[in-house]
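K.L.:
Sending over a structure as structure tokens; questions will come in a sec.
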Amino acid sequence: MNKILILINITGLIIGISYGLHGPILPLFAKNIIGASYSELGLIGLTNFVPYMFIPLFVGILLDRINNGYLLAIGAAINSVSIYLLSIAQSIPEIMGFRVLTGIAHAFFWPPCQAIIANESTEKDRVRNISWFTMFFVIGFMIGPLLGTVILEGLDVTYRILFQITAFILATAIISALLISRKKINVHQERISLSAIKQMKRFPEVIVLLIFSTSSFGIILTIFPAFLNDNGMTATNILLLYFVFGISRVVSLALAGKFAKNTSKTLIAATISITVGLALSVFADSIIEFGIALVLMGFGFSIFFPLTLEIILSKTKKQITGKIIGAYETVFGIGWALGPTIGGPITQTFGNEAPYMVFCIIGIGVTLLAITSRKRLEPQKIQN
401 MNKILILINI TGLIIGISYG LHGPILPLFA KNIIGASYSE LGLIGLTNFV
451 PYMFIPLFVG ILLDRINNGY LLAIGAAINS VSIYLLSIAQ SIPEIMGFRV
501 LTGIAHAFFW PPCQAIIANE STEKDRVRNI SWFTMFFVIG FMIGPLLGTV
551 ILEGLDVTYR ILFQITAFIL ATAIISALLI SRKKINVHQE RISLSAIKQM
601 KRFPEVIVLL IFSTSSFGII LTIFPAFLND NGMTATNILL LYFVFGISRV
651 VSLALAGKFA KNTSKTLIAA TISITVGLAL SVFADSIIEF GIALVLMGFG
701 FSIFFPLTLE IILSKTKKQI TGKIIGAYET VFGIGWALGP TIGGPITQTF
751 GNEAPYMVFC IIGIGVTLLA ITSRKRLEPQ KIQN
């Protein structure tokens, strides 16, 4: 593994720790300290993810024109500021505004990382390298809740202090991003266009699977912690559950290279795993049962990313890698925004378990689509 890939993995680890440190706690902070309802939790999630529906398109254009390390450093800086501002939030609108910044920052983090890895990889090792980067991010996301447990209970600090600590940890990612920027990046001075959107239209089955996965994931990130809290789980229990969630994700990503040999079958299994996990969440009433549900969903959510990206990259020209990654991440943003948008009002209107049952039913339909479209869910070698 070369120096650039090592640095990008370190960056992913740092940002993952910061996300895991504050992510599961934010819904509890909004619900218990600020007084947010489930609908408002959905709106907070929506404002976080809405920028990710648009910004990655423009970042994707920049990826082929500007040193990707600089873009990554900008993302880390904006993200640090946005999380620090949470520590002074006093109202739902303030939290929503700060989460808009987080969504913008994420658009400057994930696509540049993907582009750097794609440019530093051959077709043979691209899935492995992207999986390893995601695995380092998830390891950080797994360490974060444990670290949060120690800080909240061992040091007896408030949620607001936790956000400040998180911001300072995340700021260290600026250093590794600037080190990455020292490598000369070959840029393609093509005209600015949104042609990558048309390229994504060639993958309707992949888009449907991604939107189902990311919208379900969006609910698990933004609403599920409050749902767990209402079902008797303490803040410490919730952080431990998300640690288990992280273990599941790390294991699946570590094995992604082997899973890539049977891409379509793995994607079908991932869809089934998410669907079953959602169903189990409806009936779970103990930390063990919730843990099993999160393990199943962790596998499904994580394995989707490297395999679906490889399907798309393997069927597009390398010269537009940055643009296609931007368009791909926009699909992620659509799904992440849809989840909280739908999940919050459904919870408020029909009860705490309703969104998980609804998405379970949708998952059955998506699984059938994946089975019937399995030939189109395989990567293909292309000649540039």
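In my numbering, the protein residues as written are 401 to 784. Every residue gets a Cβ at the ideal spot worked out from N, C-alpha and C, and that includes glycine.
Relative to the C-alpha of Val-676, which residue among Leu-547, Asp-685 and Leu-694 is closest?
P.N.:
Position 276 of the sequence shown holds residue 676. It is Leu-694.
K.L.:
Along the alpha helix (DSSP H) that carries Thr-502, what are the first and last residues, could you check?
P.N.:
To locate residue 502, count along the sequence shown from 1; it is residue 102. Residues 492-507.
K.L.:
Which residue from Ile-504, Leu-446, Glu-520 and Ser-521 puts its Cα closest to that of Met-496?
P.N.:
On the sequence shown, residue 496 is found 96 positions in, with the first residue counted as 1. Measuring from the Cα of Met-496, the nearest candidate turns out to be Leu-446.
K.L.:
Given a cut-off of 9 Å on the beta-carbon distance, is the pair Ala-515 and Ile-746 in contact?
P.N.:
Position 115 of the sequence shown, counting from 1, holds the residue named residue 515. Position 346 of the sequence shown, counting from 1, holds the residue named residue 746. No.
K.L.:
Excluding sequence positions up to five away, which residues of its chain have a Cβ less than 6 Å from the Cβ of Tyr-470?
P.N.:
Counting from 1 along the sequence shown, the entry for residue 470 is found at position 70. Cβ within range, chain order: Ser-581.
K.L.:
Quick check on DSSP: helix, strand or coil for Asn-519?
P.N.:
Within the sequence shown, numbered from 1, the residue matching residue 519 stands at position 119. Correct three-state label for Asn-519: helix.
K.L.:
What number of angstroms, rounded off, separates the C-alpha of Asn-479 from the C-alpha of Trp-510?
P.N.:
Along the sequence shown, one-based indexing puts residue 479 at 79. Along the sequence shown, one-based indexing puts residue 510 at 110. C-alpha separation (whole angstroms): 12 Å.
K.L.:
State the CB to CB distance for the pair Ala-573 and Thr-411, rounded to an integer number of angstroms; the pair is presumed to be in contact (CB under 8 Å).
P.N.:
Against the sequence shown, residue 573 aligns to sequence position 173. Against the sequence shown, residue 411 aligns to sequence position 11. Contact flag correct, Cβ pair sits at about 5 Å.
K.L.:
Tell me the rounded alpha-carbon separation between Gln-589 and Ile-623.
P.N.:
In the sequence shown, residue 589 corresponds to position 189, counting from 1. In the sequence shown, residue 623 corresponds to position 223, counting from 1. Note on Gln-589: pLDDT 49, under 50, position unreliable in the model; the coordinate value appears next. Cα to Cα, the separation comes out at about 42 Å.
K.L.:
Count the other CB atoms within 10 Å of the CB of Leu-610; is the residue buried (16 or more) or exposed (fewer)?
P.N.:
Taking the first residue of the sequence shown as position 1, residue 610 is located at position 210. Buried, because 16 or more other Cβ atoms sit within 10 Å of the Cβ of Leu-610.
K.L.:
Just list the alpha helix (DSSP H) runs in the segment 573-657, keeping only unbroken ones of 4 residues or longer that don't cross its boundaries, in chain order.
P.N.:
With a minimum length of 4 residues, the continuous alpha helix (DSSP H) runs that stay inside the segment 573-657 are 573-581, 595-600, 604-622, 624-630 and 635-654.
K.L.:
Who are the Cβ neighbours of Ile-607 in its own chain at under 8 Å, not counting the five residues just before and after it?
P.N.:
Here residue 607 refers to the residue found at position 207 of the sequence shown. Hits under 8 Å: Met-600 and Val-731.
K.L.:
Closer than 8 Å is the cut-off here; do at least three beta carbon pairs connect the segment 756-770 with the segment 665-683?
P.N.:
The answer is yes - the segment 665-683 touches the segment 756-770, with three or more Cβ pairs under 8 Å.
K.L.:
If I follow the unbroken alpha helix (DSSP H) through Ile-561, where does it start and stop?
P.N.:
Here residue 561 corresponds to residue number 161 of the sequence shown, with the count starting at 1. Start and end: 559-571.
K.L.:
Leaving out five residues on either side along the sequence, give the residues of the same chain with a beta carbon under 8 Å from the beta carbon of Ala-770.
P.N.:
Within the sequence shown, numbered from 1, the residue matching residue 770 stands at position 370. So the list reads Glu-605, Leu-609, Ser-664, Leu-667, Ile-668, Thr-671 and Leu-777, once near-sequence residues are dropped.
K.L.:
If you reduce the DSSP assignment to three classes, tell me which class Ser-664 lands in.
P.N.:
In the sequence shown, residue 664 corresponds to position 264, counting from 1. Residue state, collapsed to three classes: helix.
K.L.:
Helix, strand or coil, according to DSSP, for Ser-773 in the structure here?
P.N.:
Taking the sequence shown and counting its residues from 1, the one referred to as residue 773 is at position 373. Coil, per DSSP.
K.L.:
Using the Cα positions of Glu-494 and Leu-485, report the straight-line distance between them to the nearest angstrom.
P.N.:
Indexing the sequence shown from 1 puts residue 494 at position 94. Indexing the sequence shown from 1 puts residue 485 at position 85. The straight-line gap from Cα to Cα measures roughly 9 Å.
K.L.:
Look at the alpha carbon of Ile-742 and the alpha carbon of Ile-674, and state the distance between them as a whole number of angstroms.
P.N.:
The count along the sequence shown starts at 1 and reaches residue 742 at position 342. The count along the sequence shown starts at 1 and reaches residue 674 at position 274. For Ile-742 and Ile-674, the distance between alpha carbons rounds to 17 Å.
K.L.:
Assuming contact is defined by CB atoms lying nearer than 9 Å, are Gly-733 and Pro-456 in contact in what I supplied?
P.N.:
Reading the sequence shown from its first residue, position 333 is the one you call residue 733. Reading the sequence shown from its first residue, position 56 is the one you call residue 456. Yes. Within cutoff.
K.L.:
Quick check: what's the CA-CA separation for Asn-468 versus Arg-526?
P.N.:
As a working mapping, residue 468 is identified with position 68 in the sequence shown. As a working mapping, residue 526 is identified with position 126 in the sequence shown. C-alpha separation (whole angstroms): 18 Å.
K.L.:
What residue does the alpha helix (DSSP H) around Asn-467 start on, and which one ends it?
P.N.:
Residue numbering aside, residue 467 sits at position 67 when the sequence shown is read from its first letter. Where Asn-467 is concerned, there is no enclosing alpha helix (DSSP H), given that its DSSP letter is neither H nor E.
K.L.:
Which of the three DSSP states is assigned to Ile-425 in this structure?
P.N.:
Translated into positions along the sequence shown, residue 425 becomes position 25. In the structure shown, Ile-425 sits in coil (DSSP, three-state: anything other than H, G, I, E or B).
K.L.:
Buried or exposed for Phe-568, please, with buried defined as at least 16 other CB atoms from any protein chain shown within 10 angstroms of its CB.
P.N.:
In the sequence shown, residue 568 corresponds to position 168, counting from 1. By the neighbour-count rule (16 or more Cβ atoms within 10 Å), Phe-568 is not buried but exposed.
K.L.:
Compare the C-alpha of Phe-750 against each of Thr-549, Ser-439, Gly-554 and Leu-639 and name the closest.
P.N.:
Along the sequence shown, one-based indexing puts residue 750 at 350. Here the closest residue by C-alpha is Ser-439.
K.L.:
When you compare only the Cα positions, how much space is there between Ser-437 and Asn-752?
P.N.:
Sequence index remark: in the sequence shown, residue 437 carries index 37 (1-based). Sequence index remark: in the sequence shown, residue 752 carries index 352 (1-based). Distance between the alpha carbons of Ser-437 and Asn-752: 12 Å.
K.L.:
Using 10 angstroms around the beta-carbon of Gln-783, count the other beta-carbons present and answer buried if the total reaches 16, otherwise exposed.
P.N.:
As a first step, residue 783 is located in the sequence shown; it is residue number 383 there, counting from the start. Bear in mind that the predicted position of Gln-783 carries a pLDDT of just 45, short of 50, making it too unreliable to give a figure here.
K.L.:
On the criterion of 16 or more Cβ atoms from any shown chain inside 10 Å, does Gly-765 qualify as buried, or is it exposed?
P.N.:
Translated into the one-based positions of the sequence shown, residue 765 becomes position 365. Burial call: exposed.
K.L.:
Look at the Cβ atom of Glu-520, then the Cβ atom of Leu-405, and state whether they are nearer than 9 Å.
P.N.:
As a first step, residue 520 is located in the sequence shown; it is residue number 120 there, counting from the start. As a first step, residue 405 is located in the sequence shown; it is residue number 5 there, counting from the start. For Glu-520 and Leu-405, yes; Cβs fall inside 9 Å.
K.L.:
Taking C-beta to C-beta, are Phe-508 and Gly-475 nearer than 9 Å?
P.N.:
Counting from one through the sequence shown, the residue named residue 508 turns up at place 108. Counting from one through the sequence shown, the residue named residue 475 turns up at place 75. Yes, Cβ-Cβ distance for Phe-508 and Gly-475 is below 9 Å.
K.L.:
Rounded to the nearest angstrom, how far is the Cβ of Leu-653 from that of Thr-534, given a contact under 8 Å?
P.N.:
Position 253 of the sequence shown, counted from the first residue, corresponds to residue 653. Position 134 of the sequence shown, counted from the first residue, corresponds to residue 534. Their Cβ separation, rounded to whole angstroms, is 5 Å, which keeps Leu-653 and Thr-534 in contact under 8 Å.
K.L.:
Between the alpha carbons of Ile-483 and Lys-661, how many angstroms are there, rounded?
P.N.:
Within the sequence shown, numbered from 1, the residue matching residue 483 stands at position 83. Within the sequence shown, numbered from 1, the residue matching residue 661 stands at position 261. Roughly 39 Å separates the two Cα atoms.
K.L.:
Which first and last residues belong to the alpha helix (DSSP H) in which Ile-434 is found?
P.N.:
Here residue 434 corresponds to residue number 34 of the sequence shown, with the count starting at 1. Unbroken run through Ile-434: none, as it is neither H nor E.
K.L.:
Given Val-450, which residues of its chain have a CB within under 6 Å of its CB, disregarding the five upstream and five downstream residues?
P.N.:
In the sequence shown, the residue the question calls residue 450 occupies position 50. Cβ within range, chain order: Ala-737.
K.L.:
Ends of the alpha helix (DSSP H) at Asn-529?
P.N.:
Against the sequence shown, residue 529 aligns to sequence position 129. Start and end: 526-549.
K.L.:
Whole angstroms is fine: what's the gap from Gly-385's alpha carbon to Gly-544's?
P.N.:
What the structure shows of the chain is the stretch from 401 to 784, and residue 385 is not part of that stretch, so it cannot be assessed.
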